[in-house]
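For what it's worth, this note's numbering labels the leading residue of the first sequence as -11, then goes sequentially.
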Amino acid sequence: MEGPSINILVEEVKSFRKQKIESVKGIVTTIDIVELTGKDVKAFKSWGKHFLICFDKFYLRVHFLMFGSYTVNTPKDRPSKLSITFSNGTLHLYTCSIQKHPGKPEKNYDWSSDLMSKKWDPALTVSRMKKFKEHQIADVLLDQNIFSGSGNIIKNETLFWLQIHPERLISSFTHKQLSEISTRTRDYCYNFFIWKKAYTLKKHWKIYGKKKCLECGTDVLKKPTGLTKRRSFFCPNCQK
DNA sequence: CCGGTTGTTCAGCG
DNA sequence: GCGCTGAACAACCG
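See below:
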């Protein structure tokens, strides 16, 4: 699950904000769920791919990784990791990593790297990119400390949009190009958010999962690239 | 039905 | 203590 999806989740649970937890259940073992009962949720936040459930003196950090999912109200046909019931509904979390952290998330998170945040800072992003001169752009676009919330779909689609080869090194770009890459990645995240809410995300994929380049008809290459070895889909003709 | 994956963490090594 | 590698985990889709 990529960053924009977490922002959609935050929207979906808006009605639970500032509500008291009536009951909890789940198979999660990393936290003590009993103590959640009766507490008020102060806020739901996101940072990158992290979904944060904030309480007065601590917060829960939920990460959905590859296979995580959630539902609001309608449970799935298997036990949830954690289900939180309020007077007006229940949030069910499945197959995710849940951690409890003391204090406020503001102490641990810097939103200047979060692509979906109002605090996202393009100049800081470019300066962070420049520290990885000999790394491939595809790897840097997956680095959560630089592009918090970016994932493999966002990486591939943004690089195709920019007609950039995923294995190009950071050192091969000018400052202006790095700036362009960062702002387009942010723009793609906003599109992802809109498209996903409209259930038209897949329809907009131009390279991810494709066999032929939609621009020129060339066979799309599908290759594990860089240190991360995540699959890069790219057109060897269009992307330089 | 099998192979692949919208991802991260950690053990083990040199 | 570092950088690097591969394993482990997990559920759904085509």
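Virtual Cβ for every residue (Gly too), placed ideally from N, Cα, C.
C-beta atoms of residue i and residue j nearer than 8 angstroms
i	j	result
M117	I142	no
K33	V(-2)	yes
G77	F4	yes
R219	K210	yes
T146	T171	no
Y58	L81	yes
F148	C223	yes
S277	L129	The first residue shown for the chain is -11 and the last is 228, placing residue 277 beyond what the model contains.
V29	I21	no
Continuous beta strand (DSSP E) stretch holding residue i: start and end
i	result
G(-9)	G(-9) -> not in any beta strand (DSSP E); alpha helix (DSSP H) instead, spanning G(-9) to E0.
T59	S57 to V60
Residue i classed as buried or exposed, judged by whether at least 16 other C-beta atoms fall within 10 angstroms
i	result
M(-11)	buried
Q151	exposed
I134	buried
D102	buried
P(-8)	buried
T17	exposed
N61	exposed
I195	buried
I169	buried
I9	buried
H153	buried
L215	exposed
F55	exposed
L24	buried
According to DSSP, residues forming a beta bridge with residue i
i	result
D28	K8
Q124	L157
R49	L40 and Q87
S68	None, per the DSSP bridge assignment.
S136	D102
S34	F39
S3	Beta-bridge pairing links S3 to no other residue.
T73	S11 and T78
Start and end residues, alpha helix (DSSP H) containing residue i
i	result
Q151	No alpha helix (DSSP H) contains Q151, which DSSP labels as neither H nor E.
V22	That residue, V22, is in no alpha helix (DSSP H); it is neither H nor E in DSSP.
Runs of beta strand (DSSP E) lying entirely within the stretch 168 to 217, each at least 3 residues, in chain order | Fully enclosed beta strand (DSSP E) runs of no fewer than 3 residues occupy 209 to 213 of the stretch 168 to 217, in order along the chain.
At which residue ranges does the stretch 75 to 123 contain complete alpha helix (DSSP H) runs of 4 or more residues, listed in the order of the chain?
-> For the stretch 75 to 123, whole alpha helix (DSSP H) runs of length 4 or above, ordered along the chain, are 110 to 117.
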